[in-house]
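Asks: Here it is, the structure, as structure tokens.
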Amino acid sequence: MDSRNIQFMFWGLAVAWGLLAIYVVMLAARENRLQKQLESLKRMLEEKQ
Amino acid sequence: MEKNIRIGIGALAGLLLLRNLYVILFNLPDEMDQGPIYRIFFYHLPAYFTAMCCYLAALAASVLYLTKRDLRYDAVAMAATEVGLAFAAVNLITGMIWGRVIWGIWWAWDARLTWALICWLVYFGYLMLRQAIDDPSERAKNSAVLSIFSFVSVAITYKAIEWWRTQHPGPVLSFRTGKQLIDPGMERMLYANFLALLLLAIVMVTVRLHQETLQRQIDGLRRRAHAL
Amino acid sequence: MIFLQVALKDLRSELRTKESLNASLSFAVVILLLFSFAFDPSGEAVAEFSGGLLWLVFAFAGALILNRSFARELPNDCLEVLLASPVSGAQLFLGKSIASFVLLLGIELLCLPIFGIFYNLTWTPRFLPLLGIFVLGTWGLTILGTLFSALTVNLSLRELMLPMLLYPMLIPALMAAMRLTTILLSGNDIGGDDLVWLRLLVGFDVVFTTLALALVETILVR
């Protein structure tokens, strides 16, 4: 076994976790953005009424 | 309430993933021929199964949309497809890293790999199509049809290792071969990690669905703001 | 047999203006010529990439024709009238597929001799099996392409979206057709292990024709 074997194993596991983490971050960012939009819209409507 | 259930399942998935990672790294021995690199397999294959489950859910939701014409099913199809693409990306990239060590190349154009890539592109096209259509029911209808078409490539991907002689390893799990080709402990771990990733996927899909509801609320409020 | 009338209508209007026919034929020839700069067209290896090259050209030319298939009905709201007429969606779709199929097959049969001349290949000895592959591959291309043409007809990005959706899903058929065409053009017969590609091509046609005929009604009806 060359040293690359175990090195690439870590890379592989890191990619698996990393990609899913990126997707989770993307979801969280979208959630935040949507919540903010919703809040500001609600506030705007209340002010107008 | 709904949010608490989501957090609960998410926490469960996270704990299970961490526990699995510990067992994979420290309790399971190296594989005889491949050495440590084989551990990638515990993510490669479960991620693929999870992606298949997502695509299957998208297919079911698309068929349900076409029969019931309820936009909620359309949202399910979209959410499942998007999450499925994330897991399919994990599958593809971990597979490439494994191939670099075992085969010496990042990518081999054999049937299984090619079809897995086709699947990814086809479902990516599905999301592109959704972005291009503005009218919700028109978008739901057209993308439901496209989703049904896309599933053909998923089915072919699943069978590709039996139909063609591929560089990609053939079936190893006992439910497909009928024999015990790999160590039972390792096979158990594959299922355990599949369960963890599937739970994670379910949480992701529900979060995405919740965001669609938010989006609809926002659109409704926007219309009201315009009317004022 | 209403679908034949739809096909004849499409063919007649296309032959009158020849707009997509001329465009895609000249496009195909230009690509054939361009490829000759990318590879050495006089080399021995030419037969080995002949199938891939031909089918890429056909797929590009096909997208041009298929783009017009439903879009040609947009001016004067012809599509609405066709849908309101007693012609069923499946009949309309089948007619349009047949029209595109005939046009594209015609272009392919014109390209083949040009290809043979420029790349120094003999295609005549195995013309009939080659024609069979062309028919199967082109049918797969047009049935899927016409469906996606219906799917994207109302989009502003229609010209972009059609190839983006069509090509990935078409890969199975293209791969099979490329492989089989290469075998025939290198002077071999199809047999043994290569039959899996023929099965794939026929299976692709059957599966997608069935799916398309079953689902096209839902796409067209608004």
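Chains as they are written, first to last, in this note's numbering: chain A, 112 to 160; chain R, -6 to 221; chain L, 324 to 545.
Ideal placement from N, C-alpha and C gives every residue a C-beta, glycine not left out.
These figures come from a predicted structure and were not determined experimentally.
When DSSP labels each residue in this structure, what does G510 of chain L get in the three-state scheme?
Replies: Here G510 of chain L sits in coil by DSSP.
Asks: Specify whether the region 477 to 490 of chain L and the region 122 to 135 of chain R touch according to this definition: at least 3 beta carbon pairs, one from each stretch, less than 8 Å apart.
Replies: The region 477 to 490 of chain L, when compared against the region 122 to 135 of chain R, does touch it at the 8 Å Cβ threshold.
Asks: Can you tell me where the alpha helix (DSSP H) holding T107 of chain R begins and where it ends?
Replies: That run of the alpha helix (DSSP H) goes A104 to A125.
Asks: Enumerate in chain order the residues of its own chain whose CB-to-CB distance from W108 of chain R is below 6 Å, with the five nearest sequence positions on each side excluded.
Replies: Around W108 of chain R: I149, T150 and A153.
Asks: In whole angstroms, what separates the C-alpha of L85 of chain R from that of E337 of chain L?
Replies: L85 of chain R and E337 of chain L: Cα-Cα distance of roughly 44 Å.
Asks: In this structure, does DSSP put G439 of chain L in helix, strand or coil?
Replies: In this structure, G439 of chain L counts as helix in the three-state DSSP scheme.
Asks: Is there a Cβ of chain R sitting closer than 8 Å to that of V126 of chain A, yes or no?
Replies: V126 of chain A counts as touching chain R.
Asks: Between L191 of chain R and C46 of chain R, what straight-line distance do the alpha-carbon atoms span, to the nearest angstrom?
Replies: Each residue's alpha carbon lies about 8 Å from the other.
Asks: Can you have a look at E157 of chain A and say buried or exposed, based on whether 16 or more other CB atoms are within 10 angstroms of its CB?
Replies: Label assigned to E157 of chain A: exposed.
Asks: Considering M89 of chain R, what are the terminal residues of the alpha helix (DSSP H) in which it resides?
Replies: Element bounds for M89 of chain R: L64 to I95.
Asks: Flag this pair as yes or no: are the beta carbons of A82 of chain R and L130 of chain A separated by less than 8 Å?
Replies: Taking 8 Å as the Cβ cut-off, A82 of chain R and L130 of chain A qualify as a contacting pair.
Asks: Have a look at F471 of chain L and T60 of chain R and give me their C-alpha separation to the nearest angstrom.
Replies: So the two alpha carbons sit approximately 21 Å from each other.
Asks: May I have the straight-line CA-CA distance separating R339 of chain L from A330 of chain L, to the nearest angstrom?
Replies: If I take the Cα positions, the gap works out to 14 Å.
Asks: If we cut at 8 Å on Cβ distances, does R141 of chain A have a partner in chain R?
Replies: Cβ-Cβ to chain R under 8 Å: yes for R141 of chain A.
Asks: So what's E367 of chain L in DSSP terms, helix, strand or just coil?
Replies: Residue state, collapsed to three classes: coil.
Asks: Could you check which residue in A:K159, A:E142, A:M155 and A:S151 has the C-alpha nearest to that of L207 of chain R?
Replies: That would be A:E142, whose Cα lies nearest to the Cα of L207 of chain R.
Asks: Would you mind stating whether L202 of chain R and A72 of chain R have Cβ atoms separated by less than 8 Å?
Replies: Against a cut-off of 8 Å, the Cβ pair of A72 of chain R and L202 of chain R comes out as a contact.
Asks: Taking L192 of chain R as part of the alpha helix (DSSP H), name the residues at either end of that continuous run.
Replies: Where L192 of chain R is concerned, the enclosing alpha helix (DSSP H) stretches over P177 to A220.
Asks: Taking a cut of 7 Å between CB atoms, which residues from the region 76 to 107 of chain R lie near chain A?
Replies: So the close ones are A79, A82, V83, I86, T87, I90, W91, R93 and V94.
Asks: Would you say N443 of chain L and S392 of chain L are within 8 Å of each other, going by their C-beta atoms?
Replies: Their beta carbons are not under 8 Å apart, which means N443 of chain L does not touch S392 of chain L by this criterion.
Asks: Can you say whether V198 of chain R is buried or exposed, counting buried as having 16 or more other CB atoms within 10 angstroms of its CB?
Replies: Buried: at least 16 other Cβ atoms inside 10 Å.
Asks: If you count every other CB in all the chains shown that lies within 10 Å of the CB of K419 of chain L, and 16 or more means buried, which is it?
Replies: K419 of chain L is buried by the Cβ-count criterion.
Asks: May I have the straight-line CA-CA distance separating G461 of chain L from F424 of chain L, to the nearest angstrom?
Replies: The sequence as given places Thr at residue 461 of chain L; Gly does not occur at that position. Distance between the alpha carbons of T461 of chain L and F424 of chain L is about 6 Å.
Asks: For G28 of chain R, name the three-state secondary structure that DSSP assigns.
Replies: Looking at G28 of chain R - three-state DSSP - the assignment turns out to be strand.
Asks: Please determine, among A:L138, A:W122 and A:S114, the residue with the shortest C-alpha to C-alpha distance to A79 of chain R.
Replies: Of A:L138, A:W122 and A:S114, the residue nearest in Cα terms is A:L138.
Asks: Classify P398 of chain L as helix, strand or coil using the three-state DSSP reduction.
Replies: Correct three-state label for P398 of chain L: helix.
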